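Chemist:
Protein chains: 2
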Amino acid sequence: MPKIVDHEQRKIELAHAAWRVIQREGLEGVTVRSVATEAGISLGSLRHYFDSQSALLSYSMNQVSERVRGRVEALPFTGDPRQDMQQLLEEMLPMDEERYQETKVWFAFYAKTMVDPELSRLGDELHNELYSNLYESLQKIKRGLGQSAPWDPEAEARRLHALLDGLAMHGIRLTQPLEANMMRKIVHRHLDEMFRMNDA
Amino acid sequence: MPKIVDHEQRKIELAHAAWRVIQREGLEGVTVRSVATEAGISLGSLRHYFDSQSALLSYSMNQVSERVRGRVEALPFTGDPRQDMQQLLEEMLPMDEERYQETKVWFAFYAKTMVDPELSRLGDELHNELYSNLYESLQKIKRGLGQSAPWDPEAEARRLHALLDGLAMHGIRLTQPLEANMMRKIVHRHLDEMFRMNDA
């Protein structure tokens, strides 16, 4: 088994090298050659792990999500839906240096999903995964609030998803990025409303 | 005066040529040369209007905003803050073919503002212009709702701004774009909440 583990470990290191190139030069700078150079290996060795630039980009984009998934799974969920939702949302926003860099890399890939059919498929998968998670959480919240909650979980999940991506986008502006405190306040406010919707 | 008008008219035509190149090939495809070819003029003639690629990009990005501004100014505002706000927000979302194409071009520029200091300045200006408009509208709405409205117009304007950009972004996905009806429903829902916030 160690060989397989090494193989995966090496691919992750190569994804990290691709992220560093993106942070420095934007996605345009990422080629199999530039990533091999960044990782300090030969082009031939890199091709052993990724047989095309597309494969390298897809894997590297997916690794950003893997990292977020890993952090989300490790969150100290309390069972309190309101508090757990706040934790989950904040984990995906660029509120510290690590998540700021991650979000920048994410949006570089995201821009590419707009024009690249290969990456677009992966973009759809990840988009739908987040949407589904939000949808399920909101359905649970709605059940907790009781029958009188007047909202449609689909529309609410789509709204929250758009808000989340909009906040992330505003949080990584080159100048005047949205501040962490403001993001936290906005998420808090949004949940406030969601949880009092049964008062309508 | 006709000469000046012609000059501006020509620059607008060149911006439109740049948009077409972006729609076809992405922003990477836009060079002074490709835009001259697209517009059917010589490189020398194009340089008469724009002395650098930066100048061409800035002008073309600003023209997208000019178009939205023009449409917003022509809206049949009713004086009813709720209805007028819904109109304003929908005007900026990719809910028909024209706004869909416009939004795609907009995000191509937006991605570039992340890495290009020249475009970043313009990006800041346009970002702040929209934020200020939202902020002023929400202040008016809050005054209309009375002292009891418990919200902070800054946080609310930032939230709405993020929601708007997130919806626009989801509305121009290569596959599975958010549908116009869902965008309308979400905006409606968001305003519903905003206007009942004095019930808290």
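The listed protein sequences correspond, in order, to chains A and U.
For the first sequence, the numbering used here gives the first residue as 1, with consecutive numbering after it.
For the second sequence, the numbering used here gives the first residue as 1001, with consecutive numbering after it.
Here a beta-carbon is modelled for each residue, glycine too, at the ideal position from N, C-alpha and C.
This one's a predicted model, so the numbers in the text were calculated from it and none came from an experiment.
Against chain U, does Ile22(A) count as a neighbour if the rule is that its beta carbon must be under 8 Å from one of theirs?
Modeler: For Ile22(A), the answer is no, since every Cβ of chain U falls outside 8 Å of its Cβ.
Chemist: Determine whether the Cβ of Ile41(A) lies closer than 8 Å to any Cβ atom of chain U.
Modeler: Closer than 8 Å: no.
Chemist: Check each residue of the region 145 to 158 of chain A: if its Cβ is closer than 7 Å to any Cβ of chain U, include it; give the result in chain order.
Modeler: So the close ones are Ala155 and Arg158.
Chemist: Can you pull the chain A residues whose beta carbon is under 8 Å from the beta carbon of His1190(U), in chain order?
Modeler: Result: Arg159.
Chemist: Would you list, in sequence order, the uninterrupted alpha helix (DSSP H) runs of no fewer than 4 residues that lie entirely inside the region 1090 to 1118 of chain U?
Modeler: Listed in chain order, they are 1097 to 1113.
Chemist: Could you tell me if Glu165(A) is buried or exposed, where buried requires 16 or more neighbouring beta carbons within 10 angstroms of its beta carbon?
Modeler: For clarity, residue 165(A) is Asp in the given sequence; the question names Glu instead. Classification for Asp165(A): buried.
Chemist: Any beta carbon from chain U within less than 8 Å of Ala162(A)'s own beta carbon?
Modeler: Answer yes: the Cβ-Cβ gap between Ala162(A) and chain U drops below 8 Å somewhere.
Chemist: Which of helix, strand or coil does DSSP assign to Phe195(A)?
Modeler: Here Phe195(A) sits in helix by DSSP.
Chemist: Which two residues bound the contiguous alpha helix (DSSP H) that contains Asp165(A)?
Modeler: Per DSSP, Asp165(A) belongs to the alpha helix (DSSP H) from Pro153 to Gly171.
Chemist: Based on Cα-Cα distance, which residue from Glu1025(U), Ser1058(U) and Arg1184(U) lies nearest to Asp1124(U)?
Modeler: Per the Cα distances, Ser1058(U).
Chemist: Using the rule of at least 16 other Cβ atoms within 10 Å of the residue's Cβ for burial, across every protein chain shown, is Thr175(A) buried or exposed?
Modeler: The residue is exposed, with fewer than 16 neighbouring Cβ atoms inside 10 Å.
Chemist: DSSP three-state label for Pro1177(U), please.
Modeler: Pro1177(U): coil per DSSP, three-state reduction.
Chemist: On the criterion of 16 or more Cβ atoms from any shown chain inside 10 Å, does Gln1063(U) qualify as buried, or is it exposed?
Modeler: So Gln1063(U) ends up on the buried side.
Chemist: If distances are taken between C-alpha atoms only, which option among Leu163(A), His188(A), Gly146(A) and Glu102(A) comes closest to Ala15(A)?
Modeler: It is Glu102(A).
Chemist: Of all the options Val72(A), Glu90(A), Arg69(A) and Gly26(A), which has the alpha carbon lying nearest to the alpha carbon of Tyr110(A)?
Modeler: Of the candidates Val72(A), Glu90(A), Arg69(A) and Gly26(A), the one whose C-alpha sits nearest the C-alpha of Tyr110(A) is Gly26(A).
Chemist: Determine, for Ser1034(U), whether the minimum Cβ-Cβ distance to residues of chain A falls below 8 Å.
Modeler: Not an interface residue.
Chemist: Please return the same chain residues whose Cβ sits closer than 7 Å to the Cβ of Leu134(A), not counting the five positions on each side in sequence.
Modeler: These residues qualify, in order along the chain: Ala157, Leu160 and His161.
Chemist: Beta carbons nearer than 7 Å to chain A: which residues of the region 1174 to 1188 of chain U have them?
Modeler: Against chain A - using a Cβ distance shorter than 7 Å - the residues of the region 1174 to 1188 of chain U are Leu1174, Thr1175, Gln1176, Leu1178, Met1182, Lys1185 and Ile1186.
Chemist: Could you work out which residues of chain U lie near Leu167(A), taking near to mean beta carbons separated by less than 7 Å?
Modeler: Per Cβ cutoff of 7 Å: Ala1162.
Chemist: In angstroms, rounded to a whole number, what distance separates the CA positions of Glu1129(U) and Glu1136(U)?
Modeler: Computed Cα separation, rounded: 11 Å.
Chemist: If you follow the alpha helix (DSSP H) that Gly40(A) is in, where does it begin and where does it stop?
Modeler: Here Gly40(A) belongs to no alpha helix (DSSP H), and DSSP marks it neither H nor E.
Chemist: Is the shortest distance between the beta-carbon of Glu1028(U) and the beta-carbons of chain A less than 8 Å?
Modeler: So, interface residue.
Chemist: List the residues of chain A that Ser1120(U) touches, going by C-beta distances under 9 Å, in chain order.
Modeler: Ordered by position in chain A, the residues that pass the 9 Å Cβ test against Ser1120(U) are Arg173, Leu174 and Thr175.
Chemist: As a quick exercise: from Ala155(A), Pro94(A) and Ala149(A), pick the residue whose alpha carbon is nearest that of Asn1181(U).
Modeler: Measuring from the Cα of Asn1181(U), the nearest candidate turns out to be Ala155(A).
Chemist: Along the region 1088 to 1108 of chain U, where does the CB come closer than 9 Å to a CB of chain A? Name the residues.
Modeler: Hits within the stretch, in order: Lys1104, Phe1107 and Ala1108.
Chemist: How many Å lie between Val1286(U) and Arg99(A) at the Cα?
Modeler: Nothing about residue 1286(U) can be reported from this structure: the residues present for chain U run from 1001 to 1200 only.
Chemist: Where Pro1081(U) and Glu90(A) are concerned, what is the direct C-alpha to C-alpha distance, given to the nearest angstrom?
Modeler: Each residue's alpha carbon lies about 32 Å from the other.
Chemist: Go ahead and label Ser60(A) buried or exposed: buried means 16 or more other beta carbons lie within 10 angstroms of its beta carbon, across all protein chains shown.
Modeler: So Ser60(A) counts as buried.
Chemist: Distance cutoff 8 Å, beta carbons only. Does Glu8(A) sit that close to anything in chain U?
Modeler: So, not an interface residue.
Chemist: For Asp124(A), go through chain U and note every residue whose CB falls closer than 7 Å to its CB, in chain order.
Modeler: In chain order: Thr1175 and Gln1176.
Chemist: Got a sec: is the Cβ-Cβ distance from Glu1201(U) to anything in chain A below 8 Å?
Modeler: The requested residue 1201(U) is not part of the displayed model; chain U covers only 1001 to 1200.
Chemist: Is it right to say Asp1116(U) is buried, meaning 16 or more other beta carbons lie within 10 angstroms of its own, or is it exposed?
Modeler: Buried, because 16 or more other Cβ atoms sit within 10 Å of the Cβ of Asp1116(U).
Chemist: Taking Cβ positions only, does Ala1111(U) come closer than 8 Å to chain A?
Modeler: So, interface residue.
Chemist: Starting from the C-beta of Ile1141(U), find all residues in its chain whose C-beta is less than 6 Å away, skip the five residues before and the five after it, and write them out in chain order.
Modeler: Contacts found: Pro1081.
Chemist: Can you tell me whether Thr1078(U) is buried or exposed? The criterion is at least 16 other CB atoms within 10 Å of its CB, across all chains shown.
Modeler: Per the 10 Å Cβ criterion, exposed.
Chemist: Where does Asp1076(U) land, buried or exposed, given buried means 16+ other C-beta within 10 angstroms?
Modeler: For the record, residue 1076(U) in the displayed sequence is Pro; it is not Asp. It is exposed - the Cβ of Pro1076(U) has fewer than 16 other Cβ atoms within 10 Å.
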